[in-house]
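First up is the structure itself, then whatever we jot down about it.
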Amino acid sequence: MSTPLIELQHLTRRFQVKRNISITAVSDVSLRIDSGEIVCLVGESGCGKTTAGKMIAGLLKPSEGNIYFNGQDVTQLKKDDWEKYRLGVQMIHQDPYASLNPAHTIYDIVSAPLKRHGKTGSEIATRAAAIELLESVDLTPASDLLDKFPHQLSGGQRQRVSVARALTVNPKFIVADEAVSMVDVSIRISLLNTLLKLKEKNGLAVLFITHDLALAKYFAWEGRIGVMYLGKLVEVASARQLVESPQHPYTKVLLSAIPEADPERTRQKPRIELRSMDVPSLMRLPSGCAFHPRCPFYEGEMCEKVIPALTKFTDGSSVACHPVRQKRAADVVAE
Ligand code: SF4
107 MSTPLIELQH LTRRFQVKRN ISITAVSDVS LRIDSGEIVC LVGESGCGKT
157 TAGKMIAGLL KPSEGNIYFN GQDVTQLKKD DWEKYRLGVQ MIHQDPYASL
207 NPAHTIYDIV SAPLKRHGKT GSEIATRAAA IELLESVDLT PASDLLDKFP
257 HQLSGGQRQR VSVARALTVN PKFIVADEAV SMVDVSIRIS LLNTLLKLKE
307 KNGLAVLFIT HDLALAKYFA WEGRIGVMYL GKLVEVASAR QLVESPQHPY
357 TKVLLSAIPE ADPERTRQKP RIELRSMDVP SLMRLPSGCA FHPRCPFYEG
407 EMCEKVIPAL TKFTDGSSVA CHPVRQKRAA DVVAE
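Take any residue in the sequence shown, count from 1 to its spot, add 106: that is its number in my numbering.
Okay, here's the thing in C-alpha cells:
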C-alpha cells in the first residue's frame with residue numbers, strides 16, 4: 107500500500123470548558139487521504155469536523171493520536187520540516203471577510219506570501235504572479251482587482267481571493283472549511299467548480315468540510331465522504347457508495363432530508379424520522395452508541411451499552427454500527 111499524503115491515527119482533541127470539565131470534540135478519528143484525492147467531512151455543527159480540519163492544517167495540537175504527512179509524524183518534525191508541512195497544507199476558512207485584512211489591497215494580500223517565501227523577485231514579477239493566481243481562480247480581469255480592498259468585492263470574489271492566497275505557496279493539500287457556505291447560493295457551484303479545476307490542474311488533495319450533504323455529494327462525486335457525529339467518524343465510503351447505498355442510520359437520515367430539484371419528488375420522498383430532535387451535549391455524551399437516543403434503527407441494549415467500532419468492509423467502506431456489522435459479518439476486513 108502506498109504512503110498516503112495525510113494519515114490520521116486515533117486523532118483526539120479535548121477542550122477544557124470549565125474547571126474539571128472537558129469535552130472531546132474529536133474522538134479517535136483515523137483516516138487516510140491520498141495525493142490528489144477529495145474527501146468531504148460532513149456532519150451537524152459541533153460534530154468535530156472543523157476541529158479535525160484545524161488539527162490537520164497544524165492550527166491546533168491533537169490531545170492524542172498522530173498526524174502523518176507523507177509518512178512523517180508531524181509532531182516530531184523539526185523547524186524546517188514543520189514549516190514545509192505548514193506550507194504544504196493550507197486552510198480556506200468559512201468567512202472570507204474575516205480572513206482577509208480589510209486594510210490591505212488584494213495585491214498586498216496575495217503578494218505578501220509570495221514575497222515572504224521568495225516565490226518571486228522583482229515587483230513586476232510579483233505583480234505578474236499575483237495576476238496569474240487571481241486568474242487561476244477565475245477572477246478576471248485580475249489587473250482591475252489588484253488595487254481594490256476586500257470590502258469592494260462580493261463575497262464570492264473574496265472567497266476566490268482566499269483560494270488564490272492559499273495557492274501562493276504551492277500546497278499539496280487544501281482544507282476547505284465550509285468554504286462556500288457564506289457565498290450566495292447562485293455562485294456556490296461556480297466556486298466549487300473552480301476548486302475542482304484547481305485540484306485537477308495542481309494535483310491537490312482536498313478535505314472539504316461541510317454541514318451540507320448535497321454539496322458534499324456534488325463536490326466529492328469522484329472522491330469519498332466521511333460522516334461525523336459527536337466527534338466520531340460513523341461512516342466513510344466513496345461518494346457514490348454512500349449516496350446510493352448508505353449504511354449508517356445517521357447517513358440515511360441525512361440523505362433522506364436532502365430536497366430534490368422537483369418539489370413533487372421531495373414531497374413524495376420517504377423521510378426517515380429521528381427518534382429525537384435533541385442533539386446530545388458533548389458534555390454529557392450518551393452511553394454506548396452516541397446516536398442511540400435519536401437513532402430510528404436503535405436495537406436496544408447493545409446500542410445503549412457498547413460503543414460501535416468503525417469497522418472496515420471489503421468494499422472499501424467503513425461503518426460504526428452494531429446491526430450493520432452483524433448483517434455484513436462476512437464482509438468485515440480483519441484488522
Ligand atoms: Fe443506531 Fe444502534 Fe447503529 Fe447506533 S449502533 S447507529 S443506535 S442501530
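Ideal Cβ positions, reconstructed from N, Cα and C, are used throughout, including at glycine. Because the structure is a prediction, the values reported are computed rather than measured.
- For N172, there is no enclosing alpha helix (DSSP H); the enclosing beta strand (DSSP E) has its first and last residue at 170–175.
- By the Cβ-count criterion, H354 is buried, with 16 or more other Cβ atoms from all chains shown falling within 10 Å of its own Cβ.
- Restricting attention to A236, G332, A436, Y213, the CA atom closest to the CA of V342 is found in G332.
- Between I112 and Y174, the gap from beta carbon to beta carbon is short of 9 Å.
- For F255, the distance from the CB to the nearest heavy atom of the ligand SF4 is not below 8 Å.
- In this structure the segment 209–229 does not lie against the segment 300–313, because fewer than three pairs of beta carbons, one per stretch, are closer than 8 Å.
- The residues A248, in chain order, have a CB closer than 6 Å to that of E241 in the same chain once the five nearest residues on each side in sequence are set aside.
- Contact annotation: L348 and Y324 have beta-carbon atoms that are not nearer than 9 Å.
- Secondary structure at Y335: strand, using DSSP grouped into helix, strand and coil.
- Membership of E113 in the beta strand (DSSP E) is indicated by the continuous run 112–124.
- Nearest to Y356 by alpha-carbon distance, out of T156, C395, A231, is C395.
- In this structure, F314 places its C-beta atom within 9 Å of the C-beta atom of I144.
- Considered as a whole, the segment 156–235 harbours 185–194, 202–205, 212–222 as its complete alpha helix (DSSP H) runs of no fewer than 4 residues, in chain order.
- Using a C-beta cut-off of 8 Å, the segment 187–202 makes no contact with the segment 134–142, since fewer than three inter-stretch Cβ pairs fall below that distance.
- Apart from the 5 residues on each side of it in sequence, T226 sits with its Cβ closer than 7 Å to the Cβ of L220, T232, A235 in its chain, given in chain order.
- The criterion of a C-beta distance shorter than 9 Å is not satisfied by V312 and A345.
- With a threshold of 8 Å, the Cβ atom of C153 does not count as near the ligand SF4, since no heavy atom of the ligand is closer than that.
- Residue range 127–139 is occupied by the beta strand (DSSP E) that includes I127.
- CA-CA distance, P168 to I230, rounds to 42 Å.
- The beta-carbon distance between R264 and P256, rounded to whole angstroms, is 5 Å. This is short enough to meet the 8 Å contact definition.
- For D290, DSSP records no beta bridge to any residue.
- Put simply, the backbone Cα of R271 is about 17 Å away from that of L165.
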